[in-house]
Amino acid sequence: MSYDLLVFDPAAPPADRIGFLSWYTDMARAGDGRLVTNPVVASAPLQAWYRDMIKGFPATSGPDNAGLAAIDNDNRAEYRFAPGAVFAAFQWEASRHAQRQAVKLARTHNVGFFDVSGNDGTVWGPSAKGFYQVLHRNGLP
612 MSYDLLVFDP
622 AAPPADRIGF
632 LSWYTDMARA
642 GDGRLVTNPV
652 VASAPLQAWY
662 RDMIKGFPAT
672 SGPDNAGLAA
682 IDNDNRAEYR
692 FAPGAVFAAF
702 QWEASRHAQR
712 QAVKLARTHN
722 VGFFDVSGND
732 GTVWGPSAKG
742 FYQVLHRNGL
752 P
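Residues in the sequence shown are numbered from 612 upward in steps of one, following the numbering used here.
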């Protein structure tokens, strides 16, 4: 079992919950060629988030993989990239730390955050006033 999250460019998905989830489902479809292991396809803010994230959660594949897939390290992570999104999967044992670090860095780099494996599917993002806030979650618009 893994802990999954998504960071995204705030302008990429629709702002409403239904539209966002439809966008996410479309983006998450594996095997359609849109998700790759090379971060160069992602936007500059997403690449910056990733560069900071791999300092504590090294990549198990792609150009930044240093043979870590064979190392028993709970902090390793699998990253997949699209122009407007980064999907990340972590060992469940590292989920709490990974979630805190991912949100902190999402705020720093002004990108959105979707807690895919969270209980209420919270989506965070920057507001027009510069605050980082909950945009929507299960049970709320």
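Glycine included, each C-beta is placed from N, C-alpha and C at the ideal position.
Keep in mind that this is a model prediction, so the values were computed, not measured.
Open item on the list: Taking 7 angstroms as the limit between beta carbons, can you name the residues of its chain near E704, skipping five residues before and five after?
Closed with: So the qualifying residues of the chain are D685.
Open item on the list: Is the separation between the beta-carbon of R691 and that of F698 shorter than 7 angstroms?
Closed with: yes
Task: D615 - partner residues in DSSP beta bridges - done: A700
TODO: Check the C-beta distance from A696 over to A623 and give it rounded, since I have them as a contact under 8 angstroms.
DONE: 7 angstroms
Open item on the list: By the three-class DSSP mapping on this structure, what secondary structure does P737 have?
Closed with: Correct three-state label for P737: strand.
- [ ] Determine the contact status of G736 and P621, defining contact as a CB-CB distance below 7 angstroms.
- [x] yes
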